[in-house]
Amino acid sequence: MAQAAGPPRTVLITVDDDPAVSRAVARDLRRRYGESYRVVRAESGESALEALRELKLRGDPVAVIIADYRMPAMSGIEFLEQAIDIYPDARRVLLTAYADTGAAIDAINVIDLDHYLLKPWEPPEEKLYPVLDDLLEVWRAADHHQVAVTKVVGHRWSARSSTVREFLARNEVPYRWYSSDDPEGRRLLAAAGQDGRRLPLVVTPDGTALVEPTDGDLAARVGLATTPAADFYDLVIIGGGPAGLGAAVYGASEGLRTVLVERSATGGQAGQSSRIENYLGFPDGVSGAQLTDRARRQAAKFGAEILTAREVTGLEVGGAARVVRFADGSAIAAHAVILATGVSYRQLDAPGAAELTGCGVFYGSALTEATACQGQDVYIVGGANSAGQAAIFLARNAKSVTLVVRRPSLAATMSHYLVQQVEEAPSISVRANTVVEAVHGEHQLERLTLRDTETGGSELVDAQWMFVFIGAAPRTDWLEGTVRRDARGFILTGPDLAPEGRLPAGWELDRPPYHLETNIPGVFVAGDARAESAKRVASAVGEGAMAVMLAHRYLEQS
Numbered sequence: 038m039a040q041a042a043g044p045p046r047t048v049l050i051t052v053d054d055d056p057a058v059s060r061a062v063a064r065d066l067r068r069r070y071g072e073s074y075r076v077v078r079a080e081s082g083e084s085a086l087e088a089l090r091e092l093k094l095r096g097d098p099v100a101v102i103i104a105d106y107r108m109p110a111m112s113g114i115e116f117l118e119q120a121i122d123i124y125p126d127a128r129r130v131l132l133t134a135y136a137d138t139g140a141a142i143d144a145i146n147v148i149d150l151d152h153y154l155l156k157p158w159e160p161p162e163e164k165l166y167p168v169l170d171d172l173l174e175v176w177r178a179a180d181h182h183q184v185a186v187t188k189v190v191g192h193r194w195s196a197r198s199s200t201v202r203e204f205l206a207r208n209e210v211p212y213r214w215y216s217s218d219d220p221e222g223r224r225l226l227a228a229a230g231q232d233g234r235r236l237p238l239v240v241t242p243d244g245t246a247l248v249e250p251t252d253g254d255l256a257a258r259v260g261l262a263t264t265p266a267a268d269f270y271d272l273v274i275i276g277g278g279p280a281g282l283g284a285a286v287y288g289a290s291e292g293l294r295t296v297l298v299e300r301s302a303t304g305g306q307a308g309q310s311s312r313i314e315n316y317l318g319f320p321d322g323v324s325g326a327q328l329t330d331r332a333r334r335q336a337a338k339f340g341a342e343i344l345t346a347r348e349v350t351g352l353e354v355g356g357a358a359r360v361v362r363f364a365d366g367s368a369i370a371a372h373a374v375i376l377a378t379g380v381s382y383r384q385l386d387a388p389g390a391a392e393l394t395g396c397g398v399f400y401g402s403a404l405t406e407a408t409a410c411q412g413q414d415v416y417i418v419g420g421a422n423s424a425g426q427a428a429i430f431l432a433r434n435a436k437s438v439t440l441v442v443r444r445p446s447l448a449a450t451m452s453h454y455l456v457q458q459v460e461e462a463p464s465i466s467v468r469a470n471t472v473v474e475a476v477h478g479e480h481q482l483e484r485l486t487l488r489d490t491e492t493g494g495s496e497l498v499d500a501q502w503m504f505v506f507i508g509a510a511p512r513t514d515w516l517e518g519t520v521r522r523d524a525r526g527f528i529l530t531g532p533d534l535a536p537e538g539r540l541p542a543g544w545e546l547d548r549p550p551y552h553l554e555t556n557i558p559g560v561f562v563a564g565d566a567r568a569e570s571a572k573r574v575a576s577a578v579g580e581g582a583m584a585v586m587l588a589h590r591y592l593e594q595s
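Dropping the structure here:
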């Protein structure tokens, strides 16, 4: 991720339609304050407002605004009225002639003017600097510490606003959230020339304003790598979950020129987990985000290249090369490929669920929404470990958490330690033999219809939040016609491709496929996308390491 060069210098801005006066004011300001402050001058109210909007988007602090009273297109008072909407904390000074002092005095009440200066202000050591010294001291007394972070302006019930926040959080891009209804959110929208109808607005640390950006645009603007550094690699890994990150660490550490391609954010489903307590070496548990961050940094340390927000759409065989094609038509090639695409949560097949996704209905833990659940009723659909981990995490702040489970109990699908924690949590309840029949709400989730599968009875309940964990679907549709899969879409490997010792159709080598190898020599699978995989973080990491070992063996024999 790109790092900021340092905090921006605080700005003093002066505006006067007389170029000679404008230059003179700026000259005197730079003489006294130039080493500590940046002086910006403008020759019209409109150009000064434009400069203020640009400074606002970049996050540059403005301490003092000095404006001439008599400007033809926009008076100094009219300018300051608009300027305080952009920088309400900046100190305001009006430059005026003796004949206009009455208007200047009136402006103290109209625009909360801090001071007015009579022209000429010479000598500045007596008439200008003492005034500004006092105003700057007042301004510095308040907390104006600026952090170079990405700003996101959105609405709580905007689905795209939610996914952008999740994208930034999972890629560990620092950002600050502003509601479009809040004063600062409105100021940022105005500075970007937006009325709030198109959300989210994302303002990058360099001041670039992005309206409803795609993940690709967002990734490129916030410093994530999206373009491969080369056309050919030893190893291409598709998918950045535990299996893909494990493969990247072992592949790069063993000298293979390695690139990992991820469609959204590294970590996969495990990266969204609030706490993993059964992973080897972490007796106190570790969050999915922490584990992902360590693995990503470890892979980068060994020289693995990580591409984010790149959609892979095809895999081809080109002689000894394996060609990976992207959605934009570009491609990279490698000696070997590891498919670690993982799985995605199945969509809830209930009326209203699709329309309210991102507006109270979420797939996965959506940790960025957790704080908004404080004091509210939360429903979690599903009974596997991921659902249990989310329930424990959300129960810290929510008024109530209800697990909606199709089976008679949690025991068949959830680890014993999690079942115990769920049973011991006073704010968590379990509704067994229950499914979500319908989802209700005009603009956001308001109610759910729950049906008891044993009695057939239905109940309408109030709900503000619902998180869905109802099974996994492999992300393998793009491999249709290339890599063999089972009826559910999971990729077949090794012995499953060669029943009774027969080689797969079209197999050109005189050996059977290795344990994690697909029907295409040199293309391997690791993690949840593999048929009959264990669906655990530890096993996915182990398969990633094993796939690299088998890729080495393949390369040695090629």
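Everything in the sequence shown is counted per my numbering, starting at 38 for the first residue and increasing by one. Glycine included, C-beta positions come from ideal geometry on N, C-alpha and C.
Beta bridge counterpart(s) of residue i as assigned by DSSP
i	result
Thr471	Asp489
Arg58	Note on identity: in this sequence residue 58 is Val, with Arg being the wrong assignment. Beta-bridge pairing links Val58 to no other residue.
Ser495	Arg488
Asp105	Leu132
Ala358	Gly355
Phe399	Phe504
Val99	Val48
Gly191	Ser216
Gly363	Note on residue identity: the sequence assigns Phe, not Gly, to residue 363. Val349, per the DSSP bridge assignment.
His79	Correcting the residue identity first, residue 79 is Ala in this sequence and not His. For Ala79, which the question treats as bridged, DSSP gives the partners Val52.
Phe269	Ala370
Ile343	Leu297
Phe561	Ile375, Glu554
Leu238	Val190, Val248
Asp414	Ser437
Leu154	Leu132
Arg512	DSSP, once it has assigned bridges, lists no residue as partnering Arg512.
Val476	Leu485
Gly323	Residue identity differs from the one stated: residue 323 is Val in this sequence, not Gly. DSSP output for Val323 lists Ile313 as bridge partner(s).
Thr394	Val398
Exposure label - residue i; buried when at least 16 CB within 10 Å
i	result
Gln457	exposed
Glu460	exposed
Ala577	buried
Arg129	buried
Phe399	buried
Phe430	buried
Glu299	buried
Arg590	exposed
Asp126	exposed
Ile50	buried
Gln309	buried
Pro250	buried
Val361	buried
Gln594	exposed
Asp53	buried
Ala449	exposed
Val473	buried
Pro463	exposed
Gln40	Here the model assigns Gln40 a pLDDT of 43, short of 50, so the residue's position is not dependable and the matter cannot be decided.
Gly366	exposed
Ile142	exposed
Ala588	buried
Ser195	buried
Boundaries (first-last residue) of the beta strand (DSSP E) holding residue i
i	result
Thr439	437-441
Ala428	Careful: Ala428 lies outside any beta strand (DSSP E), inside the alpha helix (DSSP H) at 422-431.
Tyr382	380-382
Cβ separation of residue i and residue j, assumed to be a contact under 8 Å, to the nearest whole Å
i	j	result
Ser446	Phe506	Not really, about 16 Å apart at Cβ, beyond 8 Å.
Lys156	Leu131	Not quite, the Cβ-Cβ distance comes to about 11 Å (not below 8 Å), so this is no contact.
Asp97	Pro45	4 Å
Ala341	Thr295	5 Å
Leu173	Val240	Incorrect: roughly 26 Å between the Cβ atoms, too far for contact.
Ser217	Gly253	Their Cβ separation, rounded to whole angstroms, is 24 Å, which puts Ser217 and Gly253 out of contact at 8 Å.
Met503	Leu487	Not confirmed; about 11 Å, so no contact.
Phe319	Val286	Rounded, the Cβ-Cβ distance is 17 Å, inconsistent with contact.
Val585	Gly288	5 Å
Residue i, enclosing alpha helix (DSSP H) - first and last residue
i	result
Ile375	Looking at the DSSP string, Ile375 is not in any alpha helix (DSSP H); the run it does join, the beta strand (DSSP E), is 368-376.
Lys164	161-164
Glu580	574-594
Asp279	Rather than Asp, the amino acid found at residue 279 in this sequence is Pro. Run containing Pro279: 279-290, per the alpha helix (DSSP H) assignment.
Val459	453-461
Handout entry: Touch test, the region 418-435 against the region 546-561, Cβ-Cβ under 8 Å, three pairs minimum
Key = no
Problem - the region 275-282 touching the region 364-371, judged by at least three CB pairs closer than 8 Å - result: no
Problem - Segment contact flag, the region 518-526 with the region 556-568, C-beta cutoff 8 Å, min 3 pairs - result: Yes, the region 518-526 touches the region 556-568.
Problem - Inter-stretch contact at 8 Å, needing at least 3 Cβ pairs: the region 308-323 / the region 572-587 - result: yes
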